[in-house]
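Read top to bottom, the protein sequences are chains H and F.
Position 427 (the first sequence) corresponds to 427 in this note's numbering; numbering is contiguous.
Position 325 (the second sequence) corresponds to 769 in this note's numbering; numbering is contiguous.
Heads up: the structure comes next, in structure tokens.
Protein chains: 2
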Amino acid sequence: MSSRILIIGAGRSSSALIKYTLDKSEEFGWSITVADANPAAAAARIGGHPRGNAAWLDVTKTNDRRDLIGRADIVISLLPAHLHIEVAQDCIRLKKHLVTASYVSQELFRLGDEARDRELIFMGEMGLDPGIDHMTAMQRLNLIRKKGGKIIAFRSFTGGLIAPESNDNPWGYKFTWNPRNVVLAGQGTAQYLENEKLKFIPYQRLFKTLWHIEVPGYGKFEAYANRDSLLYRKQYGLDDIPTILRGTLRYPGFAAAWHALIRIGLTNADFPILDSAKITYHELMEALAPSGPGSVKDRIAQLLQIDPAGDVMNRLTWLGLFRKKKIKLRDATPALILENLLLDKWKLSPSDKDLIVMQHQIDYELDGKTYRDISNLTMKGEDATDTAMARLVGLPMGIFVRLISQGQIKATGVHIPTMKEVYEPVLEEMKSFGMELTHHTEEI
Amino acid sequence: MSSRILIIGAGRSSSALIKYTLDKSEEFGWSITVADANPAAAAARIGGHPRGNAAWLDVTKTNDRRDLIGRADIVISLLPAHLHIEVAQDCIRLKKHLVTASYVSQELFRLGDEARDRELIFMGEMGLDPGIDHMTAMQRLNLIRKKGGKIIAFRSFTGGLIAPESNDNPWGYKFTWNPRNVVLAGQGTAQYLENEKLKFIPYQRLFKTLWHIEVPGYGKFEAYANRDSLLYRKQYGLDDIPTILRGTLRYPGFAAAWHALIRIGLTNADFPILDSAKITYHELMEALAPSGPGSVKDRIAQLLQIDPAGDVMNRLTWLGLFRKKKIKLRDATPALILENLLLDKWKLSPSDKDLIVMQHQIDYELDGKTYRDISNLTMKGEDATDTAMARLVGLPMGIFVRLISQGQIKATGVHIPTMKEVYEPVLEEMKSFGMELTHHTEEI
Chain H
1 MSSRILIIGA GRSSSALIKY TLDKSEEFGW SITVADANPA AAAARIGGHP
51 RGNAAWLDVT KTNDRRDLIG RADIVISLLP AHLHIEVAQD CIRLKKHLVT
101 ASYVSQELFR LGDEARDREL IFMGEMGLDP GIDHMTAMQR LNLIRKKGGK
151 IIAFRSFTGG LIAPESNDNP WGYKFTWNPR NVVLAGQGTA QYLENEKLKF
201 IPYQRLFKTL WHIEVPGYGK FEAYANRDSL LYRKQYGLDD IPTILRGTLR
251 YPGFAAAWHA LIRIGLTNAD FPILDSAKIT YHELMEALAP SGPGSVKDRI
301 AQLLQIDPAG DVMNRLTWLG LFRKKKIKLR DATPALILEN LLLDKWKLSP
351 SDKDLIVMQH QIDYELDGKT YRDISNLTMK GEDATDTAMA RLVGLPMGIF
401 VRLISQGQIK ATGVHIPTMK EVYEPVLEEM KSFGMELTHH TEEI
Chain F
445 MSSRILIIGA GRSSSALIKY TLDKSEEFGW SITVADANPA AAAARIGGHP
495 RGNAAWLDVT KTNDRRDLIG RADIVISLLP AHLHIEVAQD CIRLKKHLVT
545 ASYVSQELFR LGDEARDREL IFMGEMGLDP GIDHMTAMQR LNLIRKKGGK
595 IIAFRSFTGG LIAPESNDNP WGYKFTWNPR NVVLAGQGTA QYLENEKLKF
645 IPYQRLFKTL WHIEVPGYGK FEAYANRDSL LYRKQYGLDD IPTILRGTLR
695 YPGFAAAWHA LIRIGLTNAD FPILDSAKIT YHELMEALAP SGPGSVKDRI
745 AQLLQIDPAG DVMNRLTWLG LFRKKKIKLR DATPALILEN LLLDKWKLSP
795 SDKDLIVMQH QIDYELDGKT YRDISNLTMK GEDATDTAMA RLVGLPMGIF
845 VRLISQGQIK ATGVHIPTMK EVYEPVLEEM KSFGMELTHH TEEI
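Right, here's the structure in full:
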């Protein structure tokens, strides 16, 4: 069975996926078309592979888009999330399967009946988070259910981090993903459930309300709550679960220092600083420090009620926040100034390896006892280009395309990867790409 | 000299102004037209006065608007700020003077040359704040300059409060102005200048960074910084002033309790609480409290590091935040829930008197000494309808209309009331309406 695969988008998150499809194209008889507004980028990803073609595509040009989609069997959209819907409508019209790594919008879910009628599968959230998190969670939840366990708590933590051997700055963090999202993370309010009680954590307390976990081989991590803990209860079959929490992992000490940045006001994105191009980081800190005697650093320490020679202050100082160096950004918000500073300080070196860590903790009752099922996923990248992040985002889509092209997918309609026919083979194959998955259970 | 005066808008802030113009209409030969989308409201304001006319006006209907403006000499716009510009353009075209109490937009300022060419005066910010604050400040600043003083600091504080005799709740506050603005006050970041240093106060520290003032006859007040302290430096002739601050006044203790509401997360307007219609205030507080043993109240006190039996907790409790009473608002944000609760708790009784307090502190050097010129403005309302707020917002526009109609205004173009020919007669006449203004100077 031959498949014509169209990948729309040749940006930085496409490398692992395109490489996978090209590598498997001979074995499975695939032809791969990579379409992008920048055809040179598409051609570079293909690298002259005999089964690959680069195509120029401006996705807003309906006829061009439909023409390309019409000549494919399976479409993978790596477009920004808001552009998926038009591709999805074309796929309905032209009867093509669709795969994305983005969150499935209500609008996309509403195409479910039409997709089912045409025996098509539209699979969204087929990346890391969302994606691998659904698959690993459902695998464990279904095993526990199968042996008769009653699930009473689900806690899930994920972090895109730096591998211990590349962890060489005081923050224990470098950017392996969208820096803006890291700087603005958590603005709003986290909501979760604990013992049937709804809990809210406003931003100003988010980074000091922490969970602590341990991952064999990697030691301790801390986590802060995500905004979306209450999502997926239905999809996971956990409608009435008393405790559910999703969180983001960091190395210990990160959250206390980030909380300091928040308290100082440096993650504030709602006002531009006039004359920000003319002032120094030191002057910015002076403006944010309480007035009074003593150095700016002392007054910031006093504001934060922290040791001026302690860990948090070391991290702030290391960023260069107290240096008399010009900011050189016009009318920038504090958040933009911070992002710009961190872009330099938290940049991956070419040989740096990233690390993805995920842990699910599932509490359940069985035969009068209470257990905690703990599953750990870890994956390290090779270097700053071939990252674990890119693999975990891209490879599940490639593997899913293989499953479709081999006729192994029975489901039709719009889905996220919570079904056994998807998660079992995807998780199995991911191991051959360096993803490690361990489980253990303890009585609690 | 007779004048035809058109007042656009008969809403709740129009009463004192309309009454003033009607009361003076016989003496000055004015005819008063009050136009509103609700002609019954306009007619009610006029109350059958022989020199008053009610008109129906949908301001978006260009021809109707121009027709009414064409038949007036002076236009007072009480429309929402964004609707002023079309009225202003009509006034240019039809050669009419214009008066408003709103902030003057850049767009409106750009009509300055055209207004000047046609010998028209467009006066904006002719209310309380902005308005009376400009006038009282400029009066003192110009007196100090005239005697040769060098101005080195300007601090200005204003509060819309409740009179001591009507102050009968633990918060020392009732709504005399837009409740939503009170609940969301200060979100963003306050900027001011202190000893030539730019200072920022992010929202999470705004209500605990306080200034303390005293007003003869009224005692002590506390103030938090406004967002706009750096405005008006040019208009006040204070371009190079080393210290400038504007703040909002409250009775002592308010800010600490409001800071508690912020820390709890109750002023958060960025996420709707699912199921907010079904839960109680107590459950909302449980959701925001840290987990652990003890009552919700104890855990909130612990979170805030306050005495569970102290003043701040008394204020929170008095609001009913710990009551097991349904919230009954669908998908409401915490800020909306709080606003709704306060609307009931902080409502003016019909006989309540409001109180406006304003204090300017102007530091200056003269003959080798440093002085502080302190001016205090206070005004009490009569009851919940005839408020000091309504008078101080409305009467300056009425008095200014009198000045125009008597030919006492030489200025043309777009202005705010910083000129002597405006502030001297307006402040003088305001005293006859119960506005008290005192001054004293002390060496510092």
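For each residue, glycine too, the CB sits at the ideal point set by N, CA and C.
Note that the coordinates shown come from a computational prediction; the quantities given were computed from them, not determined experimentally.
7 angstroms Cβ shell around residue 308/H - same chain, five flanking residues per side excluded: For residue 308/H, where only same-chain residues beyond five positions count, the Cβ hits under 7 angstroms are 297, 298, 301.
C-beta atoms of residue 721/F and residue 781/F nearer than 8 angstroms: Their beta carbons are not under 8 angstroms apart, which means residue 721/F does not touch residue 781/F by this criterion.
Residue 870/F - DSSP class collapsed to helix/strand/coil: The answer is helix: DSSP assigns residue 870/F an H, G or I state.
Span separating the alpha-carbon of residue 806/F from that of residue 596/F: In a straight line, the C-alpha of residue 806/F is about 8 angstroms away from that of residue 596/F.
Option nearest residue 183/H by Cα separation, candidates 168/H, 13/H, 207/H: Considering only alpha carbons, the answer is 207/H.
Simplified DSSP state of residue 479/F, which is helix, strand or coil: Judged by DSSP in its simplified three-state form, residue 479/F adopts strand.
Residue 502/F versus 716/F, 495/F, 510/F, residue with shortest Cα-Cα distance: Ranking 716/F, 495/F, 510/F by Cα distance to residue 502/F puts 510/F first.
Partners in chain F for residue 459/H, counting only beta-carbon separations shorter than 9 angstroms: In this structure chain H extends from 1 to 444, so residue 459/H is not present and cannot be described.
Endpoints, the alpha helix (DSSP H) within which residue 459/F is located: DSSP places residue 459/F inside the alpha helix (DSSP H), whose first and last residues are 459-472.
Contacting residues, own chain, Cβ-Cβ under 7 angstroms from residue 826/F (five flanking each side not counted): These residues qualify, in order along the chain: 797.
Closer than 8 angstroms to chain F by CB, residue 270/H: At least one CB atom of chain F sits nearer than 8 angstroms to the CB of residue 270/H.
Limits of the unbroken alpha helix (DSSP H) element including residue 689/F: Residue 689/F -> not in any alpha helix (DSSP H); beta strand (DSSP E) instead, spanning 687-694.
Whole-Å CB distance - residue 230/H paired with residue 192/H, under 8 angstroms assumed: Beta-carbon to beta-carbon, residue 230/H and residue 192/H are separated by about 7 angstroms, close enough to satisfy the 8 angstroms threshold.
At least 3 beta-carbon pairs within less than 8 angstroms: the segment 43-62 of chain H vs the segment 111-125 of chain H: The segment 43-62 of chain H makes no contact with the segment 111-125 of chain H, as fewer than three CB pairs between them are under 8 angstroms.
Residue ranges of each alpha helix (DSSP H) within the segment 295-363 of chain H, 4 or longer: Taking only runs of at least 4 residues, the alpha helix (DSSP H) segments lying wholly in the segment 295-363 of chain H are 296-304, 311-318, 334-345.
Residue-chain proximity (residue 248/H, chain F), Cβ-Cβ < 8 angstroms: No, residue 248/H lies away from the interface with chain F (no Cβ there is under 8 angstroms from its Cβ).
Chain F contact residues for residue 286/H, given Cβ-Cβ distances below 7 angstroms: Per Cβ cutoff of 7 angstroms: 641.
Interface residues of chain H facing residue 709/F [CB-CB closer than 7 angstroms]: In chain order: 189, 200, 202.
Reference residue 482/F, options 465/F, 500/F, 466/F, 494/F, closest by Cα: Closest by alpha carbon: 500/F.
Beta-carbon spacing of residue 421/H, residue 406/H below 8 angstroms: No Cβ-Cβ contact shorter than 8 angstroms links residue 421/H with residue 406/H.
Cut-off 7 angstroms between Cβ atoms - residues of its own chain near residue 732/F, not counting five sequence neighbours on either side: Only 708, 709 meet the Cβ criterion.
Distance between residue 882/F and residue 609/F (C-alpha atoms, nearest Å): Note on geometry: alpha-carbon atoms of residue 609/F and residue 882/F lie some 21 angstroms from one another.
Per DSSP, cross-strand counterpart(s) of residue 502/F: Under the DSSP definition of a beta bridge, residue 502/F lacks any partner.
Neighbourhood of residue 734/F by C-beta distance below 8 angstroms, restricted to the same chain and skipping five residues each side: Beyond the five residues adjoining it in sequence on each side, residue 734/F comes within less than 8 angstroms, by CB distance, of 743, 746, 747 in the same chain, given in chain order.
Test item: CB-CB of residue 170/H and residue 342/H under 8 angstroms: With contacts defined by Cβ atoms closer than 8 angstroms, residue 170/H and residue 342/H do not form a contacting pair.
For residue 126/H, three-class secondary structure by DSSP: Three-state result, residue 126/H: coil.
Alpha helix (DSSP H) segment containing residue 133/H, residue limits: 132-146 is the extent of the alpha helix (DSSP H) around residue 133/H.
Pair within 8 angstroms by beta-carbon distance, residue 684/F and residue 777/F: Not closer than 8 angstroms, so no.
Same chain, Cβ closer than 8 angstroms to residue 329/H, neighbours up to 5 away in sequence not counted: Exclusion of the five residues before and after residue 329/H leaves 276, 277, 336, 337, 340 as the residues of its chain whose Cβ lies within less than 8 angstroms of its Cβ.
Limits of the alpha helix (DSSP H) - the one that residue 104/H falls within: Element bounds for residue 104/H: n/a, residue is neither H nor E.
Supposed contact pair residue 484/F and residue 478/F - C-beta distance, whole angstroms, cut 8 angstroms: So it is not a contact: roughly 11 angstroms between Cβ atoms.
Nearest neighbour of residue 804/F, chosen from 818/F, 542/F, 701/F, 645/F [CA to CA]: Looking at the Cα atoms, 818/F is the closest of the given residues.
Beta-carbon gap between residue 800/F and residue 604/F smaller than 8 angstroms: Cβ atoms of residue 800/F and residue 604/F: closer than 8 angstroms.
Whole-Å CB distance - residue 763/F paired with residue 593/F, under 8 angstroms assumed: At roughly 46 angstroms, the Cβ-Cβ gap does not stay under 8 angstroms, so residue 763/F and residue 593/F are not in contact.
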